[in-house]
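Counting in numbering that gives the first Met the number 0, the sequence shown runs from 0 upward without gaps. In what follows, a single structure is set out as structure tokens and then discussed.
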Amino acid sequence: MTTGTCRLDPHRVRRPGISAGVTLMELLVVLLIIGVLGTVAVRTIEATRGRALFDQTAAEMQELVYGITGNPDIILDGRRIDFGYYGDLGELPQDLRDLVTNPGNPLWQGPYLRRDFLGDSIGYLSDAWGNPYTYDQATGVISTIGDGKHPMTVRVVDTLPHLTGNSIVGTISDVDNNPPGEFTSPVVRLYLSGGAQVIADVDEGGYYSFNGVPIGTHRLVAYQLYDSITRWVSVAPRSRNVVDFRFSKPFRDFLRMVGEPVVDWDSLSAGFKITIVNTHELEVPVRSITLIRFEKDTAYFRALTWNGVMLPNYPVPDGEPGFKQGDTMHLDRLNPLYERTIQGNMSEQVSLGFADCRDSLLGGGNPVPPYSVNVRLRFSEGSEISFTLPDSMP
């Protein structure tokens, strides 16, 4: 038997505990993967940081806007109360530092930036990257270069005219919702938050208006003789604000009754008479008289006299309706513009006669004596007179 010799290749024998090494290619692949992951991680970190700085700067710029023109979300009793620097001073700041330090204006009520935003004494002047904010008073624009690639810009308001191009309008009326008319002269005074005052006249219909009103919380006062009503109005950008006033007393109370009313009655006619005077210093014209109250059913007046003289186009012809409670009797039955005047300072007494009171709307019928009737008359200039007729003739 022949015994062969076995030879081992030393290059193919693996020693216990020793692994085979990696190839150069494998090493390069690993290094490449590590590099890619590192690059992605760095870019992700930079992007996250950049976004955080962007958001921080945007929030800071919004706080600057709130400091200048106020935060619309600050509400009290349903009314906006924050209008910032502009609301107090009536102008834009010349410099952002004016939001924190009084520029020397007695109307300044700052600082207008939140304490947590201020941080240090000058931190509010720079963005999150450390770049200074640029502020242009002429345009109301705040800007910064940001990260150098994406500049950031905000406006304190959409357009500057919105800060002043606002209006306040409304009406003035008395306790009975009557307008002022031509003999009452109420005025409305607007006290602006910046210290200025503006006066608006009120027309005969009671309408008034203010235009070009700046934003802010303003005091509005309506004056009528010795009475006044105060309202507070919050004027926001691009707003039209309606503020109505209603006084607790009649506007005009110039005409007074003197003496006692008198009832007339005979077989042909019935009615009553009153005597009135004008307490105003100027003469007062009268065009019509309204029977606001005449508490007697089936009673219709067909005639109206002035100092005992029948007024134009009276009495009412038979076949046409007479005047009852709620109706207006013009001094000229066919001409609403006809008027008579009563001299001022109680220098003239005028006797008004409401005559030919009958129980038939279209005339005819029987005279109706208006004993013990409650009467309320309103004159065309606004005065009202109330009285109760006597229960018998004098």
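Glycine included, each C-beta is placed from N, C-alpha and C at the ideal position.
Under 8 angstroms between the Cβ atoms of residue i and residue j?
{"i": "Val212", "j": "Ile273", "result": "no"}
{"i": "Thr143", "j": "Met151", "result": "yes"}
{"i": "Gly86", "j": "Leu98", "result": "no"}
{"i": "Ile275", "j": "Leu254", "result": "yes"}
{"i": "Leu112", "j": "Gly169", "result": "no"}
{"i": "Ile214", "j": "Asn176", "result": "no"}
{"i": "Val153", "j": "Ile171", "result": "no"}
{"i": "Leu388", "j": "Asp317", "result": "no"}
{"i": "Ile291", "j": "Leu159", "result": "no"}
{"i": "Glu383", "j": "Gly180", "result": "no"}
{"i": "Phe250", "j": "Asp173", "result": "yes"}
{"i": "Ile73", "j": "Ser233", "result": "no"}
{"i": "Gly139", "j": "Leu91", "result": "yes"}
{"i": "Phe271", "j": "Pro284", "result": "no"}
{"i": "Ala269", "j": "Thr304", "result": "no"}
{"i": "Glu59", "j": "Tyr134", "result": "no"}
{"i": "Pro335", "j": "Ser385", "result": "no"}
What are the boundary residues of the beta strand (DSSP E) that includes residue i?
{"i": "His217", "result": "Gly215 to Gln223"}
{"i": "Lys272", "result": "Ala269 to Asn277"}
{"i": "Tyr370", "result": "It is not in any beta strand (DSSP E) - Tyr370 carries neither H nor E in the DSSP assignment."}
{"i": "His149", "result": "Note, His149: premise wrong, no beta strand (DSSP E); not H, not E."}
{"i": "Asn240", "result": "Arg239 to Val241"}
{"i": "Thr133", "result": "Thr133 to Asp135"}
{"i": "Val283", "result": "Val283 to Val285"}
{"i": "Ser247", "result": "It is not in any beta strand (DSSP E) - Ser247 carries neither H nor E in the DSSP assignment."}
{"i": "Glu259", "result": "Leu254 to Trp264"}
{"i": "Asp94", "result": "It is not in any beta strand (DSSP E) - Asp94 carries neither H nor E in the DSSP assignment."}
What does the Cβ neighbour count give for residue i, buried or exposed, with the cut at 16 atoms within 10 Å?
{"i": "Val374", "result": "buried"}
{"i": "Gln196", "result": "exposed"}
{"i": "Pro393", "result": "exposed"}
{"i": "Leu27", "result": "exposed"}
{"i": "Lys248", "result": "exposed"}
{"i": "Asp390", "result": "exposed"}
{"i": "Ala298", "result": "buried"}
{"i": "Thr38", "result": "exposed"}
{"i": "Met24", "result": "exposed"}
How many Å lie between residue i and residue j at the Cα?
{"i": "Pro368", "j": "Phe378", "result": "23 angstroms"}
{"i": "Ser184", "j": "Asp94", "result": "45 angstroms"}
{"i": "Asp331", "j": "Tyr337", "result": "6 angstroms"}
{"i": "Val372", "j": "Asn365", "result": "18 angstroms"}
{"i": "Cys5", "j": "Leu31", "result": "Note that Cys5 scores 49 on pLDDT, short of 50, meaning its location in the model is unreliable; the coordinates nonetheless yield the value given after this. Cα-Cα distance, rounded: 45 angstroms."}
{"i": "Pro314", "j": "Glu280", "result": "33 angstroms"}
{"i": "Lys148", "j": "Val187", "result": "54 angstroms"}
{"i": "Phe300", "j": "Phe209", "result": "46 angstroms"}
{"i": "Val349", "j": "Asn277", "result": "9 angstroms"}
{"i": "Phe244", "j": "Gly205", "result": "9 angstroms"}
{"i": "Asp326", "j": "Gly258", "result": "25 angstroms"}
{"i": "Arg71", "j": "Thr100", "result": "The sequence as given places Pro at residue 71; Arg does not occur at that position. For Pro71 and Thr100, the distance between alpha carbons rounds to 23 angstroms."}
{"i": "Gly363", "j": "Arg357", "result": "7 angstroms"}
{"i": "Gly129", "j": "Glu62", "result": "17 angstroms"}
{"i": "Pro178", "j": "Tyr222", "result": "14 angstroms"}
{"i": "Thr216", "j": "Ala127", "result": "34 angstroms"}
{"i": "Glu294", "j": "Gln324", "result": "7 angstroms"}
{"i": "Gly69", "j": "Tyr84", "result": "7 angstroms"}
Along the alpha helix (DSSP H) that carries residue i, what are the first and last residues, could you check?
{"i": "Gly83", "result": "Gly83 to Leu88"}
### Task
Enumerate, from N- to C-terminal direction, the unbroken beta strand (DSSP E) stretches of 3 or more residues contained entirely within the segment 288 to 317.
The DSSP assignment places complete beta strand (DSSP E) segments of no fewer than 3 residues inside the segment 288 to 317 at 302 to 305, in order along the chain.
### beta strand (DSSP E) segments (min. 3 residues) lying fully within the segment 158 to 206
Runs of the beta strand (DSSP E) inside the segment 158 to 206: 165 to 172, 186 to 190 and 196 to 200.
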